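Numbering (the numbering used here), first residue to last: 1376 to 1617.
Working notes, beginning with the structure itself.
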């Protein structure tokens, strides 16, 4: 068994790595059940329906620019939702299992006890589900066009999924285009989905949906095409739909 200590868990929220503000992350997933019990049955029977989920984060309050208070206040009441990726293992290297979602902030609480650190806690309602994602590009800086090593899912899938991009730092003096490609043989790759072009010096985050019913081939890789000079720090993951 390969157990994981929680001390290194990583939380990406939109264009920010907010890991240093949180010390607890909890993800809850639910699925609706509809009763199908008929006359003559001796026990209740059910069928499964829609899935749902929430993400809860708690940690330390910081009121500085781009810290936890500013970022939670910015998205409070917004219908756009936050792009969230969590690595329970604390790494985003290619192949790492991750939790990915778009969440609407439903609760933001700050508490200031007289004898302890000022604390902050938030809760997000997942919008369109929580994904079991796999990292395709580690959170790291590049300076030139980069194609990641492919990730092998061992088999294709047939129900699409969603791709997530976080750009946490960007000094490129030209636009950068990020995309995910897939392949059935790890040799010939085709574009699966392309994120919105990231303008020079812009930090951003985006989730792209690959429609249900779309075949996602066995192998996936990320490509970041840089135009210009500078540095571009980003992470990409992809969640297949079962």
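No residue lacks a Cβ here, since even glycine has one placed at the ideal position from N, Cα and C.
Note that this is a predicted model, so its numbers are computed, not measured.
- Query: Where residue 1578 and residue 1499 are concerned, what is the direct C-alpha to C-alpha distance, given to the nearest angstrom?
  - Reply: 22 Å
- State the Cα-Cα distance for the pair residue 1433 and residue 1416, rounded to the nearest angstrom. 45 Å
- Message: Buried or exposed for residue 1472, going by 16 or more other Cβ atoms inside 10 Å?
- Response: Classification of residue 1472: exposed, given that the 10 Å Cβ count is below 16.
- Message: Please give the ranges of any beta strand (DSSP E) in the segment 1386–1411, keeping only runs that are unbroken, at least 3 residues long and fully inside the region.
- Response: 1397–1410
- Sequence-distant residues of the same chain with beta carbon closer than 7 Å to residue 1557, five excluded per side: Only residues of its own chain outside the window of five on either side were considered, and among them 1564, 1565, 1567, 1591, 1592, 1594 and 1595 have a CB closer than 7 Å to the CB of residue 1557, listed in chain order.
- Taking Cβ to Cβ, would you say residue 1435 is nearer than 8 Å to residue 1396? Yes; because the gap between Cβ atoms is below 8 Å, this pair is in contact.
- Query: In three-state DSSP terms, what is residue 1449?
  - Reply: Helix, per DSSP.
- Task: State the start and end residues of the unbroken beta strand (DSSP E) segment that holds residue 1441.
- Result: Neither: residue 1441 is in no beta strand (DSSP E) and is coded neither H nor E.
- Item | Pairwise C-alpha distance: residue 1491 and residue 1610 | 35 Å
- When 1576, 1533 and 1546 are compared against residue 1589, the one with the closest alpha-carbon: 1533
- Task: Between the Cα of residue 1622 and those of 1559, 1503, 1518 and 1514, spot the shortest distance and give me the residue it belongs to.
- Result: Residue 1622 falls outside the range modelled here, since the chain spans only 1376 to 1617, and no answer is possible.
- Message: Suppose contacts are defined by Cβ-Cβ distances below 8 Å. Is residue 1511 in contact with residue 1441 by that definition?
- Response: no
- Message: Is the beta carbon of residue 1513 closer than 8 Å to that of residue 1546?
- Response: If you check the CB distance, residue 1546 and residue 1513 do not come in under 8 Å.
- Task: Could you check the C-alpha separation between residue 1523 and residue 1574 for me, to the nearest Å?
- Result: Distance between the alpha carbons of residue 1523 and residue 1574: 21 Å.
- Quick one, are the C-beta atoms of residue 1544 and residue 1516 less than 8 Å apart? yes
- Message: Does residue 1537 pass the burial test, meaning 16 or more other C-beta atoms within 10 Å, or should it be called exposed?
- Response: buried
- Do residue 1542 and residue 1608 have their C-beta atoms within less than 8 Å of each other? yes
- Task: Count the CB pairs spanning the segment 1457–1467 and the segment 1406–1413 that are closer than 8 Å, and state whether there are at least three.
- Result: no
- Item | Segment limits, beta strand (DSSP E) that includes residue 1575 | Annotation for residue 1575: no beta strand (DSSP E) segment contains it, and DSSP assigns it neither H nor E.
- Item | Short Cβ contact (8 Å threshold) for residue 1464 with residue 1383 | yes
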